[in-house]
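Engineer: Everything in the first sequence is counted per the working numbering, starting at 1 for the first residue and increasing by one.
For glycine and all other residues, C-beta sits at the position ideal for the given N, C-alpha and C.
Given the structure is predicted, the values throughout are model-derived calculations rather than measurements.
The structure that follows is given in the form of structure tokens.
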Amino acid sequence: MTLANQVVILDFETTGLSPDNGDRAIEIGAVKLVDGQIVDTFQELINPGKRVNSFIEQYTGISNNMLKHAPSSKEVMAQFAKFIDGFNLVAHNASFDKKFLDAEFKHNKLHYTGQFACSLLLSRRISQDAPNHQLGTLVSYHQLPNDGVFHRALADATMTSHLWLHQLDLLQQQLPNHLITLDIINKISSLPKAQINRYYQTMAR
DNA sequence: TGCCAGGCCCTCTTTAGGGCCTT
Numbered sequence: 001m002t003l004a005n006q007v008v009i010l011d012f013e014t015t016g017l018s019p020d021n022g023d024r025a026i027e028i029g030a031v032k033l034v035d036g037q038i039v040d041t042f043q044e045l046i047n048p049g050k051r052v053n054s055f056i057e058q059y060t061g062i063s064n065n066m067l068k069h070a071p072s073s074k075e076v077m078a079q080f081a082k083f084i085d086g087f088n089l090v091a092h093n094a095s096f097d098k099k100f101l102d103a104e105f106k107h108n109k110l111h112y113t114g115q116f117a118c119s120l121l122l123s124r125r126i127s128q129d130a131p132n133h134q135l136g137t138l139v140s141y142h143q144l145p146n147d148g149v150f151h152r153a154l155a156d157a158t159m160t161s162h163l164w165l166h167q168l169d170l171l172q173q174q175l176p177n178h179l180i181t182l183d184i185i186n187k188i189s190s191l192p193k194a195q196i197n198r199y200y201q202t203m204a205r
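Okay, here's the thing in structure tokens:
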């Protein structure tokens, strides 16, 4: 059994949307939660080996000049593999971050064993009244802490960690007699929206 | 030259289309 409050929450900034089209990571940020507390953080720029376009420079604030002397993917991913060792993983729209983690680890012949959970899929189930499920909107909607920085890896990972802890609180209120595990979260994240309340009732019996 | 992400999820669906979310 894996408790959902013992995870690494991560976020990539990248040159684009698809590693299959040659896009690479340019920054990784992560927050380690133990017993629901932030106990460690990770942030590194990554030299992608090519120039990033002006949209990405503007979107992230990460310039080609900043990346010129950044460490290689090999160096950063080796450190990150140690950081996540033994932990499950959470990201906002995890399918995106998982495909980049898989691609960068494959480039460097690295492996990880943690399972992924997704705060976006969970939000669509348990915060159905939110105006939308973008990270920035949810931070505002739930009035979560933030420092006004968006689209930088550690800032986004930190905001996602506050969102995640808030989501665990919401679930704990619905399931007061249960430990909130990653299995429960992934179960809820895969249910049709209309079945969430029935699931709560079934679990309460 | 022409291609250009992909998984999730809803619906005017399932012999499909399109919006959402991530950079």
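Is A220 helix, strand or coil by DSSP?
Structural biologist: Since the first residue of the chain shown is 1 and the last is 205, residue 220 is not available in this structure.
Engineer: Which same chain residues, not among the five before or five after T14, have their C-beta less than 7 angstroms away from its C-beta?
Structural biologist: D23, R24, A25, I26 and F100
Engineer: For A91, which of helix, strand or coil comes out of DSSP?
Structural biologist: Note: A91 maps to strand in three-state DSSP.
Engineer: Counting pairs of Cβ atoms below 8 angstroms between the stretch 59-73 and the stretch 81-95, do you hit three or more?
Structural biologist: no
Engineer: Could you tell me the boundaries of the beta strand (DSSP E) in which A25 lies?
Structural biologist: A25 to V34
Engineer: In terms of residues, what are the limits of the beta strand (DSSP E) holding Q37?
Structural biologist: Q37 to L45
Engineer: Secondary structure at F150, three-state DSSP: helix, strand or coil?
Structural biologist: Per DSSP, reduced to three states, the secondary structure at F150 is coil, with no helix or strand assignment.
Engineer: Using C-beta distances below 6 angstroms, list every residue in its chain close to H151, excluding the 5 sequence neighbours before and after it, in chain order.
Structural biologist: Y59 and T60
Engineer: Below 8 angstroms between beta carbons: does that hold for Y199 and I188?
Structural biologist: Their beta carbons are under 8 angstroms apart, which means Y199 touches I188 by this criterion.
Engineer: Taking only three categories from DSSP, how would you classify V52?
Structural biologist: Coil.
Engineer: For K119, does the three-state DSSP call read helix, strand or coil?
Structural biologist: Per the sequence shown, residue 119 should be read as Ser rather than Lys. S119: helix per DSSP, three-state reduction.
Engineer: Label G29 either buried or exposed according to how many other C-beta atoms from any shown protein chain fall within 10 Å of its C-beta, with 16 as the threshold for buried.
Structural biologist: buried
Engineer: What is the residue span of the alpha helix (DSSP H) that T137 lies within?
Structural biologist: Element bounds for T137: L135 to Y141.
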